[in-house]
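Protein chains: 2
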Amino acid sequence: MCELLGMNCNVPTDIRFSFSGLIERGGRTGPHKDGWGIAFYEGRRCRTFLDASPGCESEIAGLVRSHSVKSLNVVCHIRKATHGRVCLENTHPFVRELWGRSWSFAHNGRLKGVKRRPLTHYRPMGTTDSEHAFCWMLDRIRERYPTPPKRDRSLWRLVADLAKDLDTCGTFNMMLSDARSLYCHCSTDLSWLTRRAPFGEASLIDAEMTVNFAQETTPNDIVTVIATRPLTHHEPWQAMARGSLIVFRDGLEMWSTAA
Amino acid sequence: MCELLGMNCNVPTDIRFSFSGLIERGGRTGPHKDGWGIAFYEGRRCRTFLDASPGCESEIAGLVRSHSVKSLNVVCHIRKATHGRVCLENTHPFVRELWGRSWSFAHNGRLKGVKRRPLTHYRPMGTTDSEHAFCWMLDRIRERYPTPPKRDRSLWRLVADLAKDLDTCGTFNMMLSDARSLYCHCSTDLSWLTRRAPFGEASLIDAEMTVNFAQETTPNDIVTVIATRPLTHHEPWQAMARGSLIVFRDGLEMWSTAA
């Protein structure tokens with residue numbers, strides 16, 4: 067299996083604290099040593115850092131940990147290969163362009179039979195069921211909306227329907243971003259937390275690291291972090307309901323299938 | 067304007083020496099300080115490092131200079147913005163998927179009126195004429211060949227025709243890779259060099275750096291480097307003919323419009 071980390075904010079925010087916790091699970095505090103990747107949005111495009119080597123010892127992960135990149139939307143993944151060999155082609159997040167925007171996708175779980183679903187527009191480069199599922203979702207979105215729908219809610223509903231469909235193939239914990247929103251679907255394990263004023267301190271579970279967010283933020287900042295398992299002690303992480311999808315924008319839960 | 071650097075080899079090769087020369091021109095020995103980017107192929111996918119800050123002082127460029135990434139195909143670009151603001155969306159190389167492969171593209175020059183050409187399949191994320199031209203090329207390739215053509219030569223000929231067409235809009239020095247070959251079109255400035263046994267020494271023009279390739283290679287290695295301007299002293303760089311296109315594969319000139 068794998069672990070996921072996402073962030074969605076109302077002001078560009080540095081994810082290094084959360085990333086430092088997650089990446090330890092990439093071979094040190096967790097077994098997810100078969101590569102890792104992260105996508106940071108800047109406008110309509112995202113910048114990715116990918117590596118097929120274990121996160122805990124990756125030189126590129128070291129750069130991501132030390133170099134501040136501020137972003138409104140981040141999708142991150144550490145991999146424990148269950149399907150498909152360890153190589154760049156099979157490293158999440160996967161990225162494709164639709165409507166002149168980067169869409170990025172990361173997944174945790176197995177999806178049986180998904181590779182038999184025909185694809186029209188987008189093709190996988192690697193051999194994972196995850197990338198095939200991503201291409202299938204984008205095909206459906208593009209088919210239904212050759213240009214962006216007028217109402218955001220129409221897109222949210224479609225993504226939720228597609229996620230629900232894929233969930234029937236097995237386990238579909240996933241994060242998807244279209245450069246504006248972050249979509250999270252929970253099949254078995256996803257927890258989230260919104261940090262906003264008054265900010266306090268937090269300590270990582272996986273590393274000796276504490277941060278005082280009051281010193282790092284302004285009173286208007288709203289930052290939501292979503293992860294397979296909570297990353298910090300003593301913060302009110304809430305588990306997503308199984309089978310639910312939440313759309314985050316501007317750091318807030320904008321819509322969900324539970325609503 | 068901008069500068070380009072490409073590499074095509076028969077065995078995965080480290081580009082750090084050439085990159086170290088080029089990146090100096092990103093604000094130190096040259097004026098191309100409006101961002102830089104590099105795409106390294108690993109199989110069908112490429113890994114990119116992109117930064118909108120000057121190459122000569124970029125922390126990410128520092129990583130690329132110090133961290134060995136071996137690749138058969140590399141496309142690299144340093145930017146001096148003439149069209150479109152300085153931001154990630156406008157940073158070359160641009161990347162899109164076709165036939166389950168990453169295609170990457172970098173361009174030097176202005177293309178007047180190219181943004182009026184209609185697009186069907188691929189859409190730009192940024193505002194450069196370069197990215198629009200890339201989307202237009204991929205649209206044409208995809209339209210003609212929904213799946214890869216049986217004969218490589220058919221594709222090479224099509225790419226050459228598209229490049230010739232774009233060249234009529236202004237200046238079209240470009241590098242394109244489809245994960246197998248490297249296509250270089252020279253409108254005004256591109257020079258190239260093939261290194262093979264017996265290997266010797268080379269010294270950069272833009273930095274104090276010398277390498278003895280005999281120590282870094284095996285006798286079977288064939289490495290071609292292509293750049294806007296020669297990067298080293300005392301090596302037999304040859305200028306490409308204006309209006310010509312060369313297809314490199316396995317480190318060799320496989321085909322050209324001059325042939």
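Sequence lines, in order, name chains U and P. Our numbering numbers the first residue of the first sequence as 67 and each following residue consecutively. Our numbering numbers the first residue of the second sequence as 67 and each following residue consecutively. For every residue, glycine included, the Cβ atom is placed at its ideal position computed from N, Cα and C. Source: prediction; values computed, not measured.
Which first and last residues belong to the beta strand (DSSP E) in which P/Ala172 is found?
-> Arg167 to Asn174
Closest residue to U/Leu116 among U/Val141, U/Met240, U/Trp321 and U/Arg110 (Cα-Cα distance) | U/Val141
Which residue or residues does DSSP assign as beta-bridge partners of U/Arg259?
-> Before going further, note that residue 259 of chain U is Leu rather than Arg in the sequence given. According to DSSP, U/Leu259 bridges with U/Val291.
How would you call P/Thr234, buried or exposed, if buried means at least 16 neighbouring beta carbons within 10 angstroms?
-> exposed
Taking Cβ positions only, does P/Ile207 come closer than 8 Å to chain U?
-> no
C-alpha gap between U/Asn139 and U/Leu224, whole angstroms | 20 Å
Near P/Asp244, which residues of its chain fall below 7 Å by C-beta distance, leaving aside the five closest residues on each side in sequence?
-> Arg167 and Trp169
For P/Tyr188, return the contacting residues in chain U, with the cut-off set at a CB-CB distance below 7 Å.
-> Glu163
Three-way DSSP call (helix, strand, coil) for U/Lys230 in this model | helix
Taking the C-alpha atoms as reference points, what is the distance between P/Trp303 and P/Ser257?
-> 6 Å
Short Cβ contact (8 Å threshold) for P/Val228 with P/Arg206 | In the sequence as displayed, the identity of residue 228 of chain P is Leu instead of Val. Against a cut-off of 8 Å, the Cβ pair of P/Arg206 and P/Leu228 comes out as a contact.
Which residues bound the alpha helix (DSSP H) around U/Ile89?
-> Arg82 to Glu90
Taking P/Ile271 as the reference, which of P/Ile89, P/Arg113 and P/Pro78 has the closest Cα?
-> P/Ile89
Output the distance between the C-alpha atoms of U/Arg315 and U/Thr290, rounded to the nearest integer angstrom.
-> 9 Å
Check whether the Cβ atoms of U/Gly236 and U/Thr194 sit closer than 8 Å, and answer yes or no.
-> no
Starting from U/Arg315, trace the beta strand (DSSP E) both ways and give me its first and last residue.
-> Ser310 to Arg315
With P/Gly192 and P/Met67 assumed to form a contact (beta carbons below 8 Å), what rounded beta-carbon distance in angstroms separates them?
-> Their Cβ separation, rounded to whole angstroms, is 17 Å, which puts P/Gly192 and P/Met67 out of contact at 8 Å.
C-alpha distance - P/Tyr107 paired with P/Leu242, whole-angstrom precision | 12 Å
Assuming P/Cys252 and P/Arg308 make a contact with CB atoms under 8 Å, what is their CB distance in whole Å?
-> 6 Å
Is the Cβ-Cβ distance between U/Tyr249 and U/Leu164 less than 8 Å?
-> no
Close-in-space but distant-in-sequence residues of the same chain around U/Lys178 (CB under 6 Å, 5 per side omitted) = Cys235 and Gly236
Once you ignore the five residues that flank P/Asn286 on each side, which residues in its own chain have a CB closer than 8 Å to its CB?
-> Asn76, Val77 and Ala263
Would P/Leu326 count as contacting chain U if we go by Cβ distances under 8 Å?
-> Past the edges of chain P, shown from 67 to 325, lies residue 326 of chain P, and the structure says nothing about it.
Residues bridged to P/Ser137 by DSSP?
-> P/Thr79
If we ignore side chains and look at the alpha-carbon of each, how far apart do P/Pro120 and U/Pro97 end up?
-> 38 Å
Residues in the region 142 to 157 of chain U with C-beta within 7 Å of chain P's C-beta atoms, listed in sequence order?
-> Cys153, Leu154 and Glu155
Does U/Leu129 have its Cβ less than 8 Å from a Cβ in chain P?
-> yes
Quick one: residues in its chain with C-beta nearer than 6 Å to the C-beta of U/His187, no 5 flanking neighbours on either side, listed in chain order?
-> Asp205 and Arg208
Tell me, please, whether the CB atom of P/Glu125 is closer than 8 Å to any CB atom in chain U?
-> yes
Between the Cα of P/Asn156 and the Cα atoms of P/His133, P/Val135 and P/Asp100, which residue gives the shortest distance?
-> P/Asp100
Where does U/Leu204 fall in DSSP's three states?
-> helix
Same chain, Cβ closer than 7 Å to P/Phe265, neighbours up to 5 away in sequence not counted | Phe279, Ala280 and Thr283
Pairwise C-alpha distance: P/Arg261 and U/Trp14 = One cannot answer for residue 14 of chain U here, as it falls past the ends of chain U, which runs 67 to 325.
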